[in-house]
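> Pasting a structure below so you can have a look.
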Amino acid sequence: MRYLQGCAVLLLCLIFTGCAHVQPPVELDQQFWNDKQPVIGVAMTPVPPSQLMLIGQQGLLDIAINKSVNSDLSEHVSTWDVSDLTTLPDAIIARLQAKGYKTKRIDERIDLGKYKETKFKEGYMERDITALKATYGIDRLLLVAIDSAGAARSYHSVVPTSAPIAVVSGRAILVDVPDSRLLWFKRFEVTQPAQGEWDQPNYVNLSNAFYQAVDDSRQVFLTPFTP
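If you count by the working numbering, then the sequence shown holds residues -6 to 220, one letter each, in order.
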């Protein structure tokens, strides 16, 4: 099961980021912590609704059959609440301000797809967001990017090869706006299997797993800035 979950996560990563080049992780270094003069804007990308993702080797007919078989589960997954993820910018700002950093809350959802794509260069943002400096008066942008949320189940044709697992995936991005240099980049995929049978009435065990995955995802962003 752990192997199947790992495969599912890798495929989800490729689906939702869609990048030909893979940016390696960039760790926050001491230079960031020592410089409290730059204004750090904190924002989110658009948050996708919770959904059931059927992944694996499936033909078009297979997909139609699998969607039909999982229609009740899919409808239930669509009701899961992702609002705890949307409070992350305010929680991050509170921690940064407690450490003495200058911050600015950006309410606009930053859709990176609307910004000009740049030539891939390891350690640099793949989009030209330099205009945000003038727009918001910021020097750095800390972006909470949630790429997928919900549950995933893998299939081979019409045969399920895993039970549904709760999943939240995304990226933590901190970029120096004027020169597009990445100061922090962390891709994450949090998966959480149901504790007990996943197909209980109202999918209670799987639902609980999802909210645990949401909480674990929040910690990805909050832990580095905890006072």
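Backbone N, C-alpha and C define an ideal beta-carbon position, used for all residues, glycine too.
These figures come from a predicted structure and were not determined experimentally.
Would you give the residue range spanned by the alpha helix (DSSP H) that Phe25 belongs to?
Numbered from 1 along the sequence shown, position 32 holds the residue referred to as residue 25. Counting along the chain, the alpha helix (DSSP H) containing Phe25 begins and ends at Gln23 to Asn27.
> Is Glu178 helix, strand or coil when you go by DSSP?
Locating residue 178 in the sequence shown gives position 185, where the first residue counts as 1. The sequence shown places Phe at residue 178, not Glu. Note: Phe178 maps to strand in three-state DSSP.
> Out of curiosity, what's the CA-to-CA distance linking Ala145 and Tyr196?
Mapped onto the sequence shown, residue 145 falls at position 152. Mapped onto the sequence shown, residue 196 falls at position 203. Cα to Cα, Ala145 sits roughly 14 Å from Tyr196.
> Looking at Leu89 and Thr96, is the spacing between their C-beta atoms short of 7 Å?
Here residue 96 is taken as the residue at index 103 of the sequence shown, counted from 1. Here residue 89 is taken as the residue at index 96 of the sequence shown, counted from 1. Closer than 7 Å, so yes.
> Taking all protein chains shown into account, decide if Gln212 is buried (16 or more other Cβ within 10 angstroms of its Cβ) or exposed.
Here residue 212 refers to the residue found at position 219 of the sequence shown. Exposed.
> Assuming Leu136 and Ile166 make a contact with CB atoms under 8 Å, what is their CB distance in whole Å?
On the sequence shown, position 143 is the one that residue 136 refers to. On the sequence shown, position 173 is the one that residue 166 refers to. Contact holds; Cβ gap of about 4 Å.
> Under DSSP, the beta strand (DSSP E) around His69 begins and ends at which residues?
Within the sequence shown, the letter at position 76 stands for residue 69. From DSSP, His69 is part of no beta strand (DSSP E) but of the alpha helix (DSSP H) over Ser64 to Val70.
> Given Leu3, which residues of its chain have a CB within under 6 Å of its CB, disregarding the five upstream and five downstream residues?
By 1-based counting over the sequence shown, the position of residue 3 is 10. Note that Leu3 scores 48 on pLDDT, short of 50, meaning its location in the model is unreliable; the coordinates nonetheless yield the value given after this. Within the same chain, Leu3 has no close Cβ partners at all.
> Helix, strand or coil for Lys60? Go by DSSP, reduced to three states.
Sequence index remark: in the sequence shown, residue 60 carries index 67 (1-based). Three-state DSSP puts Lys60 in a helix.
> Could you pull the DSSP bridge partners for Leu47 from this structure?
Along the sequence shown, read from residue 1 onward, the residue named residue 47 stands at position 54. Arg146.
> Only counting the same chain, and skipping five residues up and downstream in sequence, which positions put a Cβ closer than 8 Å to that of Gln205?
Here residue 205 corresponds to residue number 212 of the sequence shown, with the count starting at 1. Around Gln205: Ala159 and Gln185.
> Can you check which of these residues, Asp28, Asp55, Leu54 and Tyr94, is closest to Thr219 by C-alpha distance?
Reading the sequence shown from its first residue, position 226 is the one you call residue 219. Comparing Cα-Cα distances from Thr219 to each of Asp28, Asp55, Leu54 and Tyr94, the minimum goes to Tyr94.
> So, at 7 Å on beta carbons, what are the nonlocal neighbours of Phe214 in its own chain, with the 5 sequence-adjacent residues on each side left out?
As a first step, residue 214 is located in the sequence shown; it is residue number 221 there, counting from the start. For Phe214, where only same-chain residues beyond five positions count, the Cβ hits under 7 Å are Leu81, Ile85, Val137 and Ala165.
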